[in-house]
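Participant:
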Amino acid sequence: MEPSARLIINLTGDKSFYLWNGLETYYKKLRAAYTDILNDLNSEYLYFGFFTLCASTLEYSLNFILADYCIDKFGPENYKTYCKEYIGLSFQNKLLMIPHIISDGKYMLNENHPSFNQLEDLITLRNRILH
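So in the working numbering, spot 13 of the sequence shown is number 164, and the numbers just go up one at a time.
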């Protein structure tokens, strides 16, 4: 079973912080929708639901990584300002910039790689469906 929360302790002695990680819930729903697709179940919602859930899971994952990074980098008392700005980036910019941000400039995504292009296509499809 995956952990459902991560305990972050303030070692100055007065507080403990919990950052909820509900990502496994998203993955369970994705697995169920994908299984239905593989089983060729006919449903009006299935493909719509699958694509939007894929995109939501990706964005949730990126936001969780950014929040975790900000808490670790700036501390539990100061992380909110940084986290708010990072999470406020557009979905595509988050995807592109997150390796650079969390590695303090050591790594970058290859914008020409087919996997990156497929994720951009997913984001574009999600935006067309939901906006």
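Backbone N, C-alpha and C fix where the C-beta goes; we use that ideal spot for every residue, glycine too.
As a quick exercise: from G256, K245, M259, pick the residue whose alpha carbon is nearest that of E271.
Facilitator: Nearest C-alpha to E271: K245.
Participant: Output yes or no for whether 8 angstroms exceeds the beta carbon distance between Y258 and P250.
Facilitator: Contact: yes.
Participant: Put G239 into one of helix, strand or coil per three-state DSSP.
Facilitator: Residue state, collapsed to three classes: coil.
Participant: Please list the terminal residues of the continuous alpha helix (DSSP H) segment that includes E210.
Facilitator: Unbroken alpha helix (DSSP H) run through E210: 197-225.
Participant: Is it true that the CB of F202 sits closer than 8 angstroms to the CB of I280?
Facilitator: The answer is yes: Cβ separation under 8 angstroms.
Participant: Nearest-angstrom Cα distance between K180 and L209?
Facilitator: Answer to the nearest angstrom: the Cα atoms are 13 angstroms apart.
Participant: Does the Cβ of A183 have 16 or more other Cβ atoms within 10 Å, making it buried, or fewer, making it exposed?
Facilitator: Exposed is the call here.
Participant: Let's test the definition: count the other Cβ atoms within 10 Å of the Cβ of Y196 and tell me whether it reaches 16, buried, or not, exposed.
Facilitator: Result: exposed.
Participant: For a test of the three-state rule: what should DSSP assign to K231, helix, strand or coil?
Facilitator: Residue state, collapsed to three classes: helix.
Participant: Do you know whose CA, among Q243, S254, K231, L213, lies nearest F267's CA?
Facilitator: Measuring from the Cα of F267, the nearest candidate turns out to be Q243.
Participant: Quick check on N263: does DSSP put it in helix, strand or coil?
Facilitator: In this structure, N263 counts as coil in the three-state DSSP scheme.
Participant: Using a Cβ-Cβ cut-off of 7 angstroms (strictly less than) and excluding sequence neighbours within five positions of L276, which residues of its own chain qualify?
Facilitator: Same-chain partners within the cutoff: F202.
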